Amino acid sequence: MGLDLSGVRRVVEGVLEDRLELWRDVQGESDDVLDDESGQLIPVEDTPFLVWDGLGAVTLAGQLSGTTAALDGVAAGEVSQSPYQAMLPVDAPPTRPGDVLVVAGSTRDPQLISRRFRVVDYGLGSYAVVRLIRLQLL
Numbered sequence: 195m196g197l198d199l200s201g202v203r204r205v206v207e208g209v210l211e212d213r214l215e216l217w218r219d220v221q222g223e224s225d226d227v228l229d230d231e232s233g234q235l236i237p238v239e240d241t242p243f244l245v246w247d248g249l250g251a252v253t254l255a256g257q258l259s260g261t262t263a264a265l266d267g268v269a270a271g272e273v274s275q276s277p278y279q280a281m282l283p284v285d286a287p288p289t290r291p292g293d294v295l296v297v298a299g300s301t302r303d304p305q306l307i308s309r310r311f312r313v314v315d316y317g318l319g320s321y322a323v324v325r326l327i328r329l330q331l332l
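Be aware that the sequence shown starts at 195, since it is given in the working numbering, and climbs by one per residue.
Right, here's the structure in full:
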């Protein structure tokens, strides 16, 4: 018998109110092709490219962001070294360090609109319906 996460999913989806765009290869260098004759790296067309566009949330860290083993095997929160984190749905594609997350819209915090963040690491963890990602403000 499976665990019914529909109630949890509805609550979390109510928090994921920011329209986010995930861009990859913003510097246009990760997929360059070496021209054997000139020795120059030639950028591939259509870089940077949009990896994902959907609802998520960008929040200030300060909340618990990740877990680490504490005394007696009890999980304890680990404070993030980055001031920002993103919550993305688990069905969003995996992020990579260096990806750029752009806030395209936010009803929760209009000051976030047009802000750009670099993905710092692969993620803090995944939960039933959301994945936490550390961010650096650009």
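We put the CB at the ideal spot given by N, CA and C, even for glycine.
Quick caveat, the model's predicted, so the values are computed rather than measured.
Given residue 213 as reference, the closest of 309, 290, 327 and 315 once Cα atoms are compared: As a working note, residue 213 is residue 19 in the sequence shown. Closest by alpha carbon: 309.
Do residue 250 and residue 283 come within 8 Å of each other at the CB atom, strictly closer than that value? To locate residue 283, count along the sequence shown from 1; it is residue 89. To locate residue 250, count along the sequence shown from 1; it is residue 56. Taking 8 Å as the Cβ cut-off, residue 283 and residue 250 qualify as a contacting pair.
Helix, strand or coil for residue 265, going by three-state DSSP, please let me know. Taking the sequence shown and counting its residues from 1, the one referred to as residue 265 is at position 71. Caution applies to residue 265, whose pLDDT of 45 falls short of 50 and renders its modelled position unreliable; the model cannot decide the point.
Could you pull the start and end residues of the beta strand (DSSP E) that residue 283 belongs to? Numbered from 1 along the sequence shown, position 89 holds the residue referred to as residue 283. 278–283 is the extent of the beta strand (DSSP E) around residue 283.
Nearest to residue 219 (by Cα), restricted to the options 253, 248, 244 and 254: By one-based count along the sequence shown, residue 219 stands at place 25. It is 244 whose Cα lies nearest to the Cα of residue 219.
Got a sec, what are the start and stop residues for the beta strand (DSSP E) residue 216 sits in? Residue mapping note: residue 216 aligns to position 22 of the sequence shown, counting from 1. Start and end: 212–218.
Roughly how many angstroms separate the alpha carbons of residue 295 and residue 217, rounded to a whole number? Along the sequence shown, one-based indexing puts residue 295 at 101. Along the sequence shown, one-based indexing puts residue 217 at 23. Residue 295 and residue 217: Cα-Cα distance of roughly 6 Å.
Bridge partners - residue 248, DSSP secondary structure assignment: Position 54 of the sequence shown, counted from the start, is the residue given in the question as residue 248. In DSSP, residue 248 forms a bridge with 214.
With DSSP run on the structure shown, which of helix, strand or coil describes residue 209? Here residue 209 is taken as the residue at index 15 of the sequence shown, counted from 1. Residue state, collapsed to three classes: helix.
Expressed to the nearest angstrom, what Euclidean distance is found between the alpha-carbon atoms of residue 324 and residue 281? Start at 1 with the first residue of the sequence shown, and residue 324 comes out as number 130. Start at 1 with the first residue of the sequence shown, and residue 281 comes out as number 87. Distance between the alpha carbons of residue 324 and residue 281 is about 6 Å.
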